[in-house]
Amino acid sequence: MSMLVTCPTCGRRPFTEFSFGGELRDIASPDAATDFARVYLRDNAAGPQQERWFHLLGCRRWVTLTRDTGSNRVEA
Amino acid sequence: MPSLRLDGRRIDVRDGDTIAAAAYRAGIRTFSRSLKAHRRRGLYCGTGDCANCLVTVDGLPGERACVTPARDGMKVDRETGWPSTDRDLLAINDRLHRLMPVGFYYKVFARPRWLWPIAERVIRRATGTGTLPLKAPARRMATRFVRVRTLVIGGGVAGLAAAATAAADGSVLVAEERELGARITDPAARETIARLAAEARAAGAEVLEGHTAIGIYEGPATAVLGRDELVEVEAERVIVATGAVEAHGVFPGNDLPGVWLGRGAAVMAAIHGVPIGDRVVIVANTDEGQHLADAIRAGGSDVALVAGRVLEARGSREVSSVSVLTPEGRRAFACDALVLSLGWAPRDTLLRMTAEPEVVGAGDVTSPGRSLADAEASGRAAGRGDPVEPADAGPWPVAEQDGYVCVCEDVSMHDLEHAWSEGWTSSEILKRYTTATMGPCQGALCSRHLAEHARAKGAAPAARGRTTARPPVRAPRLGDLTGAVHEQVERRTALHERHVAAGARIDHSGVWLRPGTYGDVDGEIRAVRERVSVMDVSTLGKFLVAGREARMLLDRVFPLDVGSIAPGRARYLLALDEAGYVMDDGLLAALGDDTFYLTSTSGGADRMEAWLRNWTDRLELHAHVLNQTAQLGAINVAGPHARDLLATLSEDDLSRAAIPYPGHAEITVAGVPCRAIAVGFVGELSYELHHPRGRSIELWDALLDAGAAWDIRPHGLDALDVLRLEKSHVYLAQDTMPDDHPAKLGLDWAVATHKDEFVGKRALERMNALPLERRLVGLRFDGPPQRGYPLAADGVIVGRITSCTVSSAAGGPVGLGWLRAIDGTFPSVLRAGDVTATVSPTPFYDPEGVRLRG
Chain A
1 MSMLVTCPTC GRRPFTEFSF GGELRDIASP DAATDFARVY LRDNAAGPQQ ERWFHLLGCR
61 RWVTLTRDTG SNRVEA
Chain B
1001 MPSLRLDGRR IDVRDGDTIA AAAYRAGIRT FSRSLKAHRR RGLYCGTGDC ANCLVTVDGL
1061 PGERACVTPA RDGMKVDRET GWPSTDRDLL AINDRLHRLM PVGFYYKVFA RPRWLWPIAE
1121 RVIRRATGTG TLPLKAPARR MATRFVRVRT LVIGGGVAGL AAAATAAADG SVLVAEEREL
1181 GARITDPAAR ETIARLAAEA RAAGAEVLEG HTAIGIYEGP ATAVLGRDEL VEVEAERVIV
1241 ATGAVEAHGV FPGNDLPGVW LGRGAAVMAA IHGVPIGDRV VIVANTDEGQ HLADAIRAGG
1301 SDVALVAGRV LEARGSREVS SVSVLTPEGR RAFACDALVL SLGWAPRDTL LRMTAEPEVV
1361 GAGDVTSPGR SLADAEASGR AAGRGDPVEP ADAGPWPVAE QDGYVCVCED VSMHDLEHAW
1421 SEGWTSSEIL KRYTTATMGP CQGALCSRHL AEHARAKGAA PAARGRTTAR PPVRAPRLGD
1481 LTGAVHEQVE RRTALHERHV AAGARIDHSG VWLRPGTYGD VDGEIRAVRE RVSVMDVSTL
1541 GKFLVAGREA RMLLDRVFPL DVGSIAPGRA RYLLALDEAG YVMDDGLLAA LGDDTFYLTS
1601 TSGGADRMEA WLRNWTDRLE LHAHVLNQTA QLGAINVAGP HARDLLATLS EDDLSRAAIP
1661 YPGHAEITVA GVPCRAIAVG FVGELSYELH HPRGRSIELW DALLDAGAAW DIRPHGLDAL
1721 DVLRLEKSHV YLAQDTMPDD HPAKLGLDWA VATHKDEFVG KRALERMNAL PLERRLVGLR
1781 FDGPPQRGYP LAADGVIVGR ITSCTVSSAA GGPVGLGWLR AIDGTFPSVL RAGDVTATVS
1841 PTPFYDPEGV RLRG
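Heads up: the sequence lines are chains A and B, in that order.
Under the working numbering, the residues of the first sequence are numbered 1 to 76, in order.
Under the working numbering, the residues of the second sequence are numbered 1001 to 1854, in order.
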């Protein structure tokens, strides 16, 4: 498998330079009840999904991008 | 004259010979025995597409004799047949074959079960090709990563035309399996290739000869295998121009030695000058018949050229006659070689491997059998990025009632019929049940026959397609695939050479190399507890966190009351994840109001950086995280005389007023600027000296020199493990589990629950409302304990020992372990094998912490 991820500072780079940070989620929950869903439940979308990627072997910045989980196509 | 040895027999080698050419000239006709029936198999495709001529070369199996250059002194062995390929007693299988239809093994050996392992051993000995050289050292292959605009696979007419055209649009790489123009018998084609190669190179295309694309993966990423390197090509588009080979004819006797595909026969005759037979019959339904006849005649054979349908070939050891249904009727020819050019089988395996729109075909692989001009036009269109015309695979030979469909796996038309009658009625299922297309040639010859068979039997459209192709197209060696995997990332501290020189045992600790012990663990422990010692702790994660919202960031992320840390002070820090579980621990030192110095565990440094950067980003705070792990060294000076030692090397104030516990100060030690952090991991008075890495050696040497007055000695990881356990400090991952919240570890004191918000707070609230079902406890034992041992209460296993040691400072064997509650209470006396364990208060050593406050 291979794909290219567009990093705002480094341009299009192989995805093996990045580490995957999961689906884009809220950063806080108003209460403990909704927190459970925020922490544990994922959409696991078949199709375009917003994700966080960390350019570990590059500029070490995080990027939010949209990846189609069916085709692995990444939009910048 | 140069020569090679084939099964011990000396065979002359002429300039330009392949192994097959030299052997064929010497009269070798049988190159292998077939997989199941042990039928004789000779040279067939002659172009590296089929598996008939796989031989072992200098101990390495699976080399294609027809394309592997012969060298003087080469040792070649045929791989199949017992006792030899020429005289194979297992050829009896050919007689029995009808008794062993496809699926035979599955059915016959289904019951009794004990029989199969025995039968399997016998079957494996009788089948298979070659023997893996298990003791041969793997070659070291380099892996190279290349990114180009266009990758062209195949350096023929279409491929080079595509490359020459695509070069106007960006970088181009051409991967050609052999040398450009090698083994092309048609002079016009050779000239075209030379012209296009010059044009492509002039336009800037790079051509890699001797490089085979073995698979196209998502991306598209292409694995290209050279002799000494594996090239991983990331291309924005891929043009597959791998050409075509003659279609495989299926008729009785189609696998006899002496039956050839056309282009390979022409190469043998015209390039190698080896006549393929005395009387050759060419059956050609393509327009290459006359060219083949000329080439083969030039080799010195009598040639008869006919068009028609091959009904049957006969012969015992080799082909001796053939029946052809010509427009004039059925005709029989005596012959000693039969050459087929019945249609085209595009080498489209790479194209069938991917659905990526960036991967297109050009030339023969999409529309075989066209003229050179057509191939060039097709390549140029693909190079420009024009839409690809729909595939036209040209004529295809009808399969007769009998004959081998899959030559690699010995699957005959009877087998396909048999499987169909058993209900395996789609091409994909036929493939799996009969294993047709699954041999070394990966369906190059038979894939389309399988699909055509399903179509002829009336399979539904979805069930009669070409089967999916998967990498690799060509068999790589295991060593090829492990290219560069041998590389192991190792990080060394600046003091590594000092540790080695001191005779330390060096351990792998994550990616770091660290001293385990300098030879005397007890002596190292005593130095720390009684005198003074140093340890290289440069591997700790070290971060500068600064910016006007740095304090806000740290307070929002960590469960620590960051607001309460005054500049000059330091605090133990837990990092929780969003589920409230302990992710890492470390120390946070306030350098100023908006500048902080953070340390993490050695293994957690990368994760800590990513974690902090993520939160800085998501919270949109004005803060910067600088990872100083590689920039700074750190030496922990520990022991009752730690301050005395530093006092001999520093003029700075080292009193508790100047460096409080826990706290820090900037001091100069032996001329080296250090951030001294007073910490307590080993439970004695200690100072972690963080300093520029380039000065580590200078500082280390000065400390050891001055420390001689107290008989200083450095300690390693083994001593540290005992020292920290005496203080019952946990090692994350060894003592903890992925779902530990602080209360389970007894670390709830490190969580400022009164804070409004920190990562994991809601989850902690949720978990803290539940009864504690598991916790880490200190244990004392009445005998020597063993790590990992289960802990039992009244015969029921309720936990296990995660760390233990026999400690004089702690007054006997102690350890840490997990316990789960039984009916809401935790047992206090347990059995661990032959030893009794009693839950004990912690720390085991200096519980009041008098010594470390010093």
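Ideal Cβ placement from N, Cα and C applies to all residues, glycine included.
The model shown is predicted, which means the values in this text are computed figures rather than measured ones.
Compare the C-beta of residue i against all C-beta atoms of chain A and say whether one is closer than 9 Å.
i                 : result
Gly1219 (chain B) : yes
Glu1234 (chain B) : yes
Ala1610 (chain B) : yes
Asn1614 (chain B) : yes
Arg1263 (chain B) : no
Phe1031 (chain B) : no
Phe1543 (chain B) : no
Glu1765 (chain B) : yes
Tyr1844 (chain B) : Note on residue identity: the sequence assigns Phe, not Tyr, to residue 1844 (chain B). With 9 Å as the cut-off, Phe1844 (chain B) does not count as an interface residue toward chain A.
Phe1145 (chain B) : yes
Asp1606 (chain B) : yes
Taking C-alpha atoms, which residue in the options lies nearest to residue i?
i                 : options                                    : result
Ala1051 (chain B) : B:Pro1692, B:Leu1035, B:Ala1463, B:Asp1058 : B:Leu1035
Thr1601 (chain B) : B:Val1240, B:Val1537, B:Ala1610            : B:Val1537
Leu1270 (chain B) : B:Gly1154, B:Ala1247, B:Ile1296            : Reading off the sequence, residue 1270 (chain B) comes out as Ala, not Leu. Of B:Gly1154, B:Ala1247, B:Ile1296, the residue nearest in Cα terms is B:Ile1296.
Phe15 (chain A)   : B:Ile1123, B:Glu1234, B:Pro1112, B:Arg1005 : B:Glu1234
Glu1400 (chain B) : B:Met1583, B:Gly1277, B:Glu1312, B:Ala1709 : B:Glu1312
Val1835 (chain B) : B:Arg1800, B:Asp1823, B:Leu1699            : B:Arg1800
Ala46 (chain A)   : A:Pro8, A:Asp68, A:Glu23                   : A:Asp68
Gly1778 (chain B) : B:Leu1732, B:Ala1792, B:Leu1725            : B:Leu1725
Thr1192 (chain B) : B:Phe1681, B:Ser1655, B:Leu1160            : B:Leu1160
Gly1802 (chain B) : B:Trp1615, B:Gln1734, B:Ala1792            : In the sequence under discussion, the amino acid at residue 1802 (chain B) is Thr, which differs from the Gly named in the question. Measuring from the Cα of Thr1802 (chain B), the nearest candidate turns out to be B:Gln1734.
Gly1882 (chain B) : B:Ala1590, B:Ile1123, B:Arg1491            : The first residue shown for chain B is 1001 and the last is 1854, placing residue 1882 (chain B) beyond what the model contains.
Arg1309 (chain B) : B:Gln1290, B:Val1281, B:Ser1316, B:Gly1299 : B:Val1281
Gly1523 (chain B) : B:Ala1821, B:Ile1712, B:Leu1791            : B:Ile1712
Is residue i close to chain B? Criterion is C-beta to C-beta, closer than 9 Å.
i               : result
Asp31 (chain A) : yes
Arg38 (chain A) : yes
Asn78 (chain A) : Limits of chain A in this structure are 1 at one end and 76 at the other, which puts residue 78 (chain A) out of reach.
Arg87 (chain A) : This structure does not reach residue 87 (chain A), given that chain A is present from 1 up to 76, and the question cannot be answered.
Asp68 (chain A) : no
Leu65 (chain A) : no
Gly47 (chain A) : no
Pro8 (chain A)  : no
Gly58 (chain A) : no
Leu77 (chain A) : A query on residue 77 (chain A) cannot be resolved here, the shown segment of chain A reaching from 1 to 76 and no further.
What does DSSP give as the partner residue(s) for residue i in the beta ladder?
i                 : result
Cys1406 (chain B) : B:Val1411
Asp1739 (chain B) : Answer is none; Asp1739 (chain B) lacks a bridge partner.
Gln49 (chain A)   : A:Arg67
Gly1215 (chain B) : B:Ala1223
His1508 (chain B) : B:Leu1513
His1691 (chain B) : B:Gly1633
Ile1239 (chain B) : B:Val1152, B:Val1360
Please report the Cβ distance between residue i and residue j, rounded to the nearest whole angstrom; I am assuming they are in contact, meaning their Cβ atoms lie under 8 Å.
i                 : j                 : result
Thr1366 (chain B) : Val1398 (chain B) : About 23 Å; that fails the 8 Å criterion.
Thr1286 (chain B) : Ser1371 (chain B) : Thr1286 (chain B) to Ser1371 (chain B), Cβ: 12 Å. No contact.
Glu1176 (chain B) : Glu1209 (chain B) : 5 Å
Leu1587 (chain B) : Ile1697 (chain B) : With a Cβ gap of about 25 Å, Leu1587 (chain B) and Ile1697 (chain B) do not count as contacting.
Val1076 (chain B) : Arg1005 (chain B) : 7 Å
Asp979 (chain B)  : Arg1147 (chain B) : Because chain B in this structure spans residues 1001 to 1854, residue 979 (chain B) falls outside the shown range and cannot be described.
Val1545 (chain B) : Leu1612 (chain B) : 7 Å
Ala1527 (chain B) : Gly1639 (chain B) : 7 Å
Ser1655 (chain B) : Thr1842 (chain B) : Not really, about 30 Å apart at Cβ, beyond 8 Å.
Ala1264 (chain B) : Leu1043 (chain B) : The amino acid occupying residue 1264 (chain B) in the given sequence is Gly; Ala does not appear at that position. Sure, about 7 Å apart at Cβ, within 8 Å.
Between the stretch 1743-1763 of chain B and chain A, which residues of the former have CB atoms less than 8 Å from a CB of the latter, in chain order?
-> Answer in chain order: Glu1757, Arg1762, Ala1763.
Cβ-based contacts, 7 Å cut-off: residues of the stretch 1568-1595 of chain B near chain A = Glu1578, Ala1579
Cβ-based contacts, 7 Å cut-off: residues of the stretch 1669-1689 of chain B near chain A | none
Note down, in chain order, all residues in the stretch 1616-1639 of chain B with a beta-carbon under 8 Å from any beta-carbon belonging to chain A.
-> Asp1617, Arg1618, Leu1619, Asn1627
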